[in-house]
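Position one of the sequence shown corresponds to residue 6 (our numbering), numbered consecutively onward.
Every residue, glycine too, gets a C-beta built ideally from N, C-alpha and C.
Small disclaimer: the values here were computed from a predicted structure and weren't measured.
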Amino acid sequence: FKYIDKSNSKSEKIAMTTPVFMGVDGNEGEMSFVLPKVVASKGAPTPNSEALYINEMNPTIFAAMRFRGKPSKEKEAATKLIKKIKDAGFNISKNAKPIFAYYDPPWIPVFLRKNEVLIQINNIKK
């Protein structure tokens, strides 16, 4: 959060956007923010921390499914989405891992939170 709160090369405060994406990279959790279009179009400031990096994502096709509740529901939601993808006859992209999208701030009651699980797919059915 420090990056969007001026801890960057331009000491620029950046608006918080949703969703916040959470993924798993090995044993380390990874959090991603979508930068506002105005920031991205003029060039995102470099993070002051070496633990952070800017990554531009290429256009990608994802299958997505909504789920409510706390993050402990992630695994169950991912399993359901994988089954739905396979049942629909789509191929999951090689090395695809679930990505979780969170839309609500932490003070929203857990049972009201809107979340999604996304898995990259090929746009070709089996």
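May I ask which residues mark the beginning and end of the beta strand (DSSP E) holding Ala-68?
To locate residue 68, count along the sequence shown from 1; it is residue 63. Here the beta strand (DSSP E) through Ala-68 covers 67–73.
Where Leu-40 sits in the DSSP three-state scheme:
Numbered from its first residue, the sequence shown carries residue 40 at position 35. Three-state DSSP puts Leu-40 in coil, outside helix and strand.
Tell me the DSSP secondary structure of Ile-113 in three-state form.
By 1-based counting over the sequence shown, the position of residue 113 is 108. Ile-113: coil per DSSP, three-state reduction.
Does DSSP classify Leu-57 as helix, strand or coil?
Translated into positions along the sequence shown, residue 57 becomes position 52. Coil at Leu-57, not helix or strand.
What are the start and end residues of the beta strand (DSSP E) that includes Ile-90?
Working through the sequence shown from its first residue, we reach residue 90 at position 85. Where Ile-90 is concerned, there is no enclosing beta strand (DSSP E), although the alpha helix (DSSP H) it sits in stretches over 79–92.
Nearest to Ile-104 by alpha carbon, out of Phe-38, Met-21, Gly-48?
Position 99 of the sequence shown, counting from 1, holds the residue named residue 104. Ranking Phe-38, Met-21, Gly-48 by Cα distance to Ile-104 puts Phe-38 first.
Could you check how far apart the C-beta atoms of Met-70 and Lys-85 are, in whole angstroms? I think they sit under 8 angstroms.
On the sequence shown, residue 70 is found 65 positions in, with the first residue counted as 1. On the sequence shown, residue 85 is found 80 positions in, with the first residue counted as 1. At roughly 7 angstroms, the Cβ-Cβ gap stays under 8 angstroms, so Met-70 and Lys-85 are in contact.
Could you compute how far the alpha carbon of Ala-49 sits from the alpha carbon of Asn-120?
Position 44 of the sequence shown, counted from the start, is the residue given in the question as residue 49. Position 115 of the sequence shown, counted from the start, is the residue given in the question as residue 120. Using only the alpha carbons, I get a separation of about 26 angstroms.
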